[in-house]
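UniProt numbering numbers the first residue of the sequence shown as 1 and each following residue consecutively. Don't be surprised by glycine CBs; every beta carbon is placed ideally from N, CA and C. This report refers to the structure that appears directly beneath it.
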Amino acid sequence: MKCKICFFSRFLFSVITGYFLTCFTLVMATETAEVSFSGTLLESPPCVVNSNRDIVVDFGDEVMTTRIDATQYRQKIEFTIDCTSAISSKQKIRISGTTTSAGYAGEVISTPKKGLGIALYHDSVRYSPGEWLNFNVPNIPTFYAVPEKNKNEAMSGGVFNAKASLVVEYQ
C-alpha cells in the first residue's frame, strides 16, 4: 500500500508542478512590447562649400623673397558656404593641413619650398590651422593667407604651393 501512496503522491506532485509551470510560462509568454525605430537619412551634407570646387589662393608671379615679412602679399581666401539645407544656422569651420612652427612666428601650413610657410589669419588675428571656429550662417568668417619666411632657413626663388582642407560642420 505504501508504494501506491508514494506513486500517487509523486504523480499528484508532478501534475500540480506541471500545472503551475504551464500557468507561469503562459503568463510570461504573453508579456510583449513594441519597439519602434526611426531616423532621418541625409543624402548629402547640409552645407556646400565653394559649390564643391577647389579654393585657390594665387599670390602671383612676383613674390620677392626679400619682401616676405608676414604682412606683404596678404590674400583673402575667397569661398562660399551654402547651408540652405542645414537644420540649424549654428556651424563651425576649420582649415587644416600639414603644419610646422619651428622658425616661424606661429603655426604655418607647410610648403615643399625650403624656408617658406603659409600663415593663416581670421580677420586680423593669427589663426592656428585645425582650430574650430563657431559661426552662424550667413555670417561666414573671413580668412587670409600670407607667405611667411622661416627665420632659421635660407629661401631661394621658384614656384611654391601648399594644400589645406576647409571643413564646415553643423552643430
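Gln91 vs Tyr170 beta-carbon contact at 7 Å
In contact: Gln91 and Tyr170 (Cβ atoms closer than 7 Å).
If Phe120 sits next to Pro129, beta carbons under 8 Å apart, how far is it from one beta carbon to the other, in whole angstroms?
First, the residue type needs correcting, since residue 120 is Leu and not Phe in the sequence shown. Contact between Leu120 and Pro129 holds, with the beta-carbon distance rounding to 6 Å and staying under 8 Å.
Please state whether DSSP places Asn50 in a helix, a strand or coil.
It is helical.
Report yes if the CB atom of Tyr73 is closer than 7 Å to the CB atom of Val57, and no otherwise.
No, they are not a contact pair.
Which of the three DSSP states, helix, strand or coil, is assigned to Pro147?
Three-state result, Pro147: strand.
Taking only runs of the beta strand (DSSP E) that begin and end inside the region 92 to 148, which ones reach a length of at least 3 residues, in chain order?
If one requires a minimum length of 3 residues, the beta strand (DSSP E) runs lying completely within the region 92 to 148 are 108 to 110, 116 to 122, 125 to 127 and 133 to 136, in chain order.
Alpha carbon of Trp132 to alpha carbon of Ile95, nearest angstrom
Whole-angstrom Cα-Cα distance: 8 Å.
Would you please state the rounded distance, in angstroms, between the beta carbons of Gly117 and Ile109? I believe it to be under 8 Å.
Confirmed, Cβ separation roughly 6 Å.
Going by DSSP, name the residue or residues bridged to Lys76.
DSSP output for Lys76 lists Tyr144 as bridge partner(s).
The beta strand (DSSP E) with Glu169 in it runs from where to where?
Its beta strand (DSSP E) spans residues Ser165 to Tyr170.
Pair every Cβ in the region 143 to 157 with every Cβ in the region 74 to 83, then say whether three or more of these pairs are closer than 8 Å.
The region 143 to 157 makes contact with the region 74 to 83: 3 or more CB pairs, one atom from each, lie closer than 8 Å.
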